[in-house]
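Q: What the sequence shown shows, in the numbering used here, is residues 5 to 142, in sequence order. I have a structure here, written as structure tokens, and I will follow up with some questions on it.
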Amino acid sequence: MNDQLCVGLDLGTINHKLACLSTSSETANPKLLSEASRGRPVATAAALLAQLRPDVAPDTLVHLTCTGVQATALSPLLAGHFHQLNEVVATASAIHRAQPHVRSAIDLGVQFTECIALNPKSCDPYACVSDAAINVLC
């Protein structure tokens with residue numbers, strides 16, 4: 005079976021962040037990268053993704069998920085090749101998978117703060133959010 009690579013790309017206003025996990029036990033160490041976007045969201049995303057290239061074998065299946073306010077800037081370039089996910093769902097899903105007993109989360113961002121109430125009884129990552137609120141006036 006081919007190695008699978010799960011890449012999460014958060015395209016924020018100020019910084020872009022990339023997290024990469026492999027399903028292979030040989031390359032299971034996660035890779036975390038961050039770079040200031042400096043008003044160039046597409047170029048910054050491309051630079052982060054290019055840093056993965058030396059580590060990715062040609063037959064590797066890559067799953068790319070994007071979040072963040074700049075994610076729509078990539079849509080025309082990667083049409084059909086990535087999944088865009090709401091940040092509240094992405095945060096809740098990650099917390100739910102890593103710490104299923106957690107019932108709430110607060111995400112302090114540059115532009116806004118998210119408060120998320122989690123349903124620890126849910127098995128579905130999309131249904132694990134029982135309530136959410138965003139303050140856009142940080």
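Virtual Cβ for every residue (Gly too), placed ideally from N, Cα, C.
1) Would Leu22 and Leu37 be called neighbours here (beta carbons separated by less than 8 Å)?
2) Is it buried or exposed for Gly16, if we count other Cβ within 10 angstroms and need 16 for buried?
3) Look at the Cβ atom of Asp14, then the Cβ atom of Gly72, and state whether they are nearer than 8 Å.
4) If I measure Cβ to Cβ from Val46 and keep anything under 7 Å in the same chain, skipping five residues before and after, which residues do I get?
5) Applying the criterion that 16 or more other CB atoms from any shown protein chain within 10 Å of the CB defines a buried residue, is Gln55 buried or exposed?
6) For Pro104, which residues of its own chain have a beta-carbon under 7 Å away from its beta-carbon, when the five flanking residues on both sides are left out?
7) Do Ser41 and Gln74 come within 8 Å of each other at the CB atom, strictly closer than that value?
8) Taking the C-alpha atoms as reference points, what is the distance between His100 and Ala94?
9) I need the boundaries of the beta strand (DSSP E) containing His67, first residue and last residue.
10) Whose C-alpha, out of Gln88, Val114 and Pro62, is nearest the C-alpha of Ile18?
11) Between the Cα of Pro34 and the Cα atoms of Gly12, Ala51, Ala50 and Ala49, which residue gives the shortest distance?
A: Put simply:
1) Translated into positions along the sequence shown, residue 22 becomes position 18. Translated into positions along the sequence shown, residue 37 becomes position 33. It is a contact, given that the beta carbons lie within the stated cut-off.
2) Here residue 16 corresponds to residue number 12 of the sequence shown, with the count starting at 1. The residue in question, Gly16, is buried, as its Cβ has 16 or more Cβ neighbours within 10 Å.
3) The residue labelled residue 14 in the question sits at position 10 within the sequence shown. The residue labelled residue 72 in the question sits at position 68 within the sequence shown. Yes, these two residues count as a Cβ contact at 8 Å.
4) Walking along the sequence shown from the start, residue 46 turns up at place 42. Excluding sequence neighbours, Val46 sits near Ala77, Leu78 and Leu81.
5) Reading the sequence shown from its first residue, position 51 is the one you call residue 55. Exposed: under 16 other Cβ atoms inside 10 Å.
6) On the sequence shown, residue 104 is found 100 positions in, with the first residue counted as 1. Cβ within range, chain order: Pro124.
7) For the purposes of this step, residue 74 is taken as the residue at position 70 of the sequence shown. For the purposes of this step, residue 41 is taken as the residue at position 37 of the sequence shown. In this structure, Ser41 lies closer than 8 Å to Gln74 by Cβ.
8) As a working note, residue 100 is residue 96 in the sequence shown. As a working note, residue 94 is residue 90 in the sequence shown. Rounded to the nearest angstrom, the two C-alpha atoms are 10 Å apart.
9) Taking the sequence shown and counting its residues from 1, the one referred to as residue 67 is at position 63. Run containing His67: Leu65 to Thr71, per the beta strand (DSSP E) assignment.
10) Against the sequence shown, residue 18 aligns to sequence position 14. When Gln88, Val114 and Pro62 are compared, the shortest CA-CA separation from Ile18 is found for Val114.
11) Stepping through the sequence shown from its first residue, residue 34 is reached at position 30. Checked all of Gly12, Ala51, Ala50 and Ala49; the closest Cα to Pro34 is Gly12.
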